[in-house]
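Undergrad:
Shown next, in the form of structure tokens:
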């Protein structure tokens, strides 16, 4: 059974999803094809700050400008950072266009620019990622583990972390707190 790509969609965890990595989670799917899927959790706070990351990378900084969030992006490779940020027109080394106005960057140069006041003034750094093997995400969708909705950058930069789960579901017209953990298929 073929399933449409969920790239640039939010996966919204159903209330019964009790995996601690995804409970009440919202995941931005950054890649989804026949080989599998990759996503970044966008609402799981990290104990680290952008200043901690800059210090760990020996990047000098003082008085950062803007709003820079750090989240637990997923259980795979949590030592790796993925920076979601508005497209500033700058061509960072490890930068990929996700959608109009939004880029995903994995190179240190964007962090150096942020620290120097030359980079994006808003960013979300996800530490680690979520990964699915071929067919795994499709099966989880059939098992009603997730809802999906088109992703939008405003949710990243305008909605507080603690409100993203309910906000994303509400964009579908759903009060997720009222959904049953049991599903049926017609």
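Numbering (the numbering used here), first residue to last: 6 to 191. Every residue gets a Cβ at the ideal spot worked out from N, C-alpha and C, and that includes glycine.
What residues match up with residue 50 in a beta bridge as DSSP calls it?
TA: DSSP output for residue 50 lists 76 as bridge partner(s).
Undergrad: Please return the same chain residues whose Cβ sits closer than 6 angstroms to the Cβ of residue 125, not counting the five positions on each side in sequence.
TA: Taken in chain order, the residues that qualify are 90, 91, 93.
Undergrad: Might you give, ordered along the chain, the residues of its own chain that have their beta carbon closer than 6 angstroms to the beta carbon of residue 27, omitting 5 neighbours on each side?
TA: These residues qualify, in order along the chain: 18.
Undergrad: Can you list, in chain order, the residues of its chain with a C-beta nearer than 8 angstroms to that of residue 80? Leave out the 5 residues immediately preceding and following it.
TA: Once the five neighbours on either side are set aside, the close Cβ partners of residue 80 are 26, 133, 135.
Undergrad: Can you tell me which of 48, 51, 32 puts its alpha carbon nearest to the alpha carbon of residue 42?
TA: Among 48, 51, 32, the Cα nearest to that of residue 42 belongs to 32.
Undergrad: For a test of the three-state rule: what should DSSP assign to residue 38, helix, strand or coil?
TA: If DSSP states are grouped into helix, strand and coil, residue 38 belongs with the strands.
Undergrad: Residues in its own chain within less than 6 angstroms of residue 4 by CB, not counting five upstream and five downstream?
TA: The chain is shown only over 6 to 191; residue 4 falls outside these bounds and no answer can be derived.
Undergrad: How many angstroms separate the CA atom of residue 97 from the CA atom of residue 22?
TA: Approximately 36 angstroms between the Cα atoms of the pair.
Undergrad: Is the region 114-131 touching the region 59-73 in the sense that three or more CB pairs, one from each, lie closer than 8 angstroms?
TA: Short answer: they touch.
Undergrad: How many angstroms separate the CA atom of residue 53 from the CA atom of residue 144?
TA: C-alpha separation (whole angstroms): 33 angstroms.
Undergrad: For a quick check, are the C-beta atoms of residue 34 and residue 87 less than 9 angstroms apart?
TA: No, the Cβ-Cβ distance between residue 34 and residue 87 is not below 9 angstroms.
Undergrad: For my contact list, residue 99 and residue 110 are in at a C-beta cut-off of 8 angstroms; report their separation, rounded to the angstrom.
TA: Contact holds; Cβ gap of about 6 angstroms.
Undergrad: Quick one: grab the DSSP three-state call for residue 147.
TA: Three-state result, residue 147: helix.
Undergrad: Quick check on this structure: which residue in 39, 67, 40, 29 has the alpha carbon closest to the alpha carbon of residue 182?
TA: With distances taken between Cα atoms, residue 182 lies closest to 29.
Undergrad: Note down, in chain order, each residue of its chain lying with its Cβ closer than 7 angstroms to the Cβ of residue 78, except the 5 sequence neighbours on either side.
TA: 45, 46, 87, 131, 132, 133, 134, listed in sequence order.
Undergrad: Taking only the alpha-carbon atoms, compute the straight-line gap between residue 112 and residue 84 and give it to the nearest angstrom.
TA: Those two C-alpha atoms are separated by around 13 angstroms.
Undergrad: Identify which residue in 9, 138, 127, 157 has its Cα closest to the Cα of residue 71.
TA: Minimum Cα distance to residue 71 is reached at 127.
Undergrad: Could you tell me which of 160, 104, 37, 106 sits nearest to residue 139, measuring between CA atoms?
TA: Of 160, 104, 37, 106, the residue nearest in Cα terms is 37.
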